[in-house]
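The structure appears below as structure tokens.
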Amino acid sequence: MRTLAITQNITLDGSIEMLGDWFDPADQDPQLLEATRRQSERADAMLLGRQTFEDFRGYWPRQTDDQTGITDELNQIQKYVVSSTMADPQWRNSTVLTDDWIAQVRASKGQEGRDIVVTGSITPTHTLIESGLVDEYRLFVYPAVQGRGRRLFPDGYEMPRLQLVEARGFRNGVSLLHYTVRGHHPRGPRWTTISQQAAPPGPFRLRMPPLPLRVSRSCDRGGGGRRCGSLRPRR
Numbered sequence: 001m002r003t004l005a006i007t008q009n010i011t012l013d014g015s016i017e018m019l020g021d022w023f024d025p026a027d028q029d030p031q032l033l034e035a036t037r038r039q040s041e042r043a044d045a046m047l048l049g050r051q052t053f054e055d056f057r058g059y060w061p062r063q064t065d066d067q068t069g070i071t072d073e074l075n076q077i078q079k080y081v082v083s084s085t086m087a088d089p090q091w092r093n094s095t096v097l098t099d100d101w102i103a104q105v106r107a108s109k110g111q112e113g114r115d116i117v118v119t120g121s122i123t124p125t126h127t128l129i130e131s132g133l134v135d136e137y138r139l140f141v142y143p144a145v146q147g148r149g150r151r152l153f154p155d156g157y158e159m160p161r162l163q164l165v166e167a168r169g170f171r172n173g174v175s176l177l178h179y180t181v182r183g184h185h186p187r188g189p190r191w192t193t194i195s196q197q198a199a200p201p202g203p204f205r206l207r208m209p210p211l212p213l214r215v216s217r218s219c220d221r222g223g224g225g226r227r228c229g230s231l232r233p234r235r
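Take a look at the structure:
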């Protein structure tokens with residue numbers, strides 16, 4: 001059975017809708033980017049909302065000198081876009097999921113394969129959470145309080161206590177918190193040991209058992225135009 005993981009940039013007060021300037025795609029810690037690349041290797045499918053998909057499609061395929069490898073990754077990975085209006089996704093390896101998309105995701109999870117990752121796409125994220133299909137949460141927590149905007153979990157939603165399997169800090173102040181839903185047990189071959197990786201001094205240096213790494217990337221339009229980086233949430 002495949003793992004469905006939600007990975008988001010998030011503020012201390014739980015907002016994943018980027019309405020302020022707390023996220024700067026140009027200010028990325030090298031170790032954070034390396035963690036992103038390692039996690040990308042463990043997924044073979046990405047699920048996106050229509051707006052996030054269109055933002056991806058409008059930016060990444062046009063990058064001819066992308067040193068991050070994100071362009072190649074997004075061109076090659078199987079992309080599922082949730083939309084009731086899109087007929088032709090106009091991007092290779094892309095499939096449109098319509099009104100019964102939750103049933104299609106559930107069926108896909110039952111097949112053999114690597115991770116299915118959801119990035120941005122706040123409305124589909126909420127629907128997946130409420131449907132009980134999420135196995136893991138991989139959250140990059142930024143040291144900022146936005147005070148507004150849509151949050152990771154739908155209003156009024158409750159769930160049993162999550163299990164923390166990784167806590168890691170980066171020198172730019174961002175912390176990676178990786179949770180699994182209790183009862184979900186990631187398979188051993190898909191886990192990567194991080195105990196040998198360099199960690200910043202101070203309270204962020206935590207010793208943890210072997211842990212999985214996977215984060216996706218996206219782009220969006222900021223106040224000064226298009227801004228691209230990790231997880232620019234849209235609907």
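Once you know that position 66 of the sequence shown is 66 in the numbering used here, the rest is easy, because the numbers rise by one and skip nothing.
Backbone N, C-alpha and C fix where the C-beta goes; we use that ideal spot for every residue, glycine too.
{"Check": "Inter-residue spacing [alpha-carbon to alpha-carbon] between Ala-107 and Ser-94", "Outcome": "17 Å"}
{"Check": "Stretch pair the segment 121-136 + the segment 41-54: three plus CB contacts closer than 8 Å", "Outcome": "yes"}
{"Check": "Trp-91 versus Asp-100: straight-line alpha-carbon distance, rounded", "Outcome": "22 Å"}
{"Check": "Rounded separation between Asp-24 and Gly-113 - CA only", "Outcome": "33 Å"}
{"Check": "Residues near Ser-15 by beta carbon distance below 6 Å, same chain, minus five either side", "Outcome": "Gln-146, Gly-149 and Arg-151"}
{"Check": "Three-state class that DSSP yields for Tyr-137 in the structure shown", "Outcome": "strand"}
{"Check": "Cut-off 8 Å between Cβ atoms - residues of its own chain near Ala-103, not counting five sequence neighbours on either side", "Outcome": "none"}
{"Check": "8 Å Cβ cutoff met for Leu-162 and Arg-168", "Outcome": "no"}
{"Check": "Assigned exposure category for Leu-164 - 16 Cβ within 10 Å defines buried", "Outcome": "exposed"}
{"Check": "Completely contained alpha helix (DSSP H) runs for the segment 101-180, where each covers 4 or more residues", "Outcome": "101-109 and 122-130"}
{"Check": "Length of the line joining the Cα atoms of Lys-109 and Val-174", "Outcome": "30 Å"}
{"Check": "Chain-order list of residues whose beta-carbon lies under 6 Å from that of Gln-31 (same chain, five-residue window excluded)", "Outcome": "Phe-170"}
{"Check": "Start-to-end residues for the alpha helix (DSSP H) that takes in Gln-63", "Outcome": "Here Gln-63 belongs to no alpha helix (DSSP H), and DSSP marks it neither H nor E."}
{"Check": "Length of the line joining the Cα atoms of Phe-153 and Thr-125", "Outcome": "8 Å"}
{"Check": "Helix, strand or coil at Gln-28 [DSSP, three-state]", "Outcome": "coil"}
{"Check": "Sub-8 Å separation of Leu-4 and Leu-97 beta-carbons", "Outcome": "no"}
{"Check": "Selected residue, minimal CA-CA separation from Ser-40, among Pro-61, Glu-136 and Ile-116", "Outcome": "Ile-116"}
{"Check": "Contacting residues, own chain, Cβ-Cβ under 7 Å from Ile-129 (five flanking each side not counted)", "Outcome": "Phe-153, Pro-154 and Tyr-157"}
{"Check": "As assigned by DSSP and simplified to three states, the class of Ser-15", "Outcome": "strand"}
{"Check": "Residue interval of the beta strand (DSSP E) (run including Asp-44)", "Outcome": "43-49"}
{"Check": "Length of the line joining the Cα atoms of Asp-21 and Asp-65", "Outcome": "26 Å"}
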